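In this text, residue positions in the sequence shown follow our numbering: the first is 1303, and each later residue adds one. All remarks here apply to the structure that follows.
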Amino acid sequence: MNTRQGVGVVTATLAIVGFMTLLNSGSPISMVNWPVETYMGLTFTIGWLSGVPNWLAYVLAAVVLILIVVGFYKIGSWVYGLVVGKQ
1303 MNTRQGVGVV
1313 TATLAIVGFM
1323 TLLNSGSPIS
1333 MVNWPVETYM
1343 GLTFTIGWLS
1353 GVPNWLAYVL
1363 AAVVLILIVV
1373 GFYKIGSWVY
1383 GLVVGKQ
């Protein structure tokens, strides 16, 4: 793994942890359960706001979380490339 990929992984990790913190900051749940609560909360929100079937809400919530991770990985590696001068 080169440095650019490492920066992308760190950026994606910080983004998903920040997203979990945003959704669970007022909850009395322990931090160990935050990933599951984030997924379930996102599933509930998608299902409630759009009225889609339960199975589709679960799939869409997983897709949203994957898109967040992949998007911030790309952003982190792109910004590192700009800073270092390698495009």
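Note that the Cβ used here is the ideal one computed from N, Cα and C, for glycine as well. All values reported here derive from a predicted model rather than from experimental measurement.
Which same chain residues end up closer than 7 Å to residue 1325 when comparing Cβ atoms and leaving out the 5 residues on each side of it in sequence?
1340, 1343
Tell me which residue opens and which closes the alpha helix (DSSP H) that residue 1338 is part of.
Counted as a single uninterrupted DSSP element, the alpha helix (DSSP H) harbouring residue 1338 occupies residues 1336 to 1352.
Alpha carbons only, please: which of 1385, 1349, 1375, 1370 is nearest the one belonging to residue 1360?
Looking at the Cα atoms, 1349 is the closest of the given residues.
Any contact of the segment 1367 to 1383 with the segment 1304 to 1313, i.e. 3+ C-beta pairs under 8 Å?
yes
Buried versus exposed call for residue 1374 [16 or more other C-beta atoms within 10 Å across all chains shown]
buried
For residue 1372 and residue 1313, the rounded distance between their alpha carbons
10 Å
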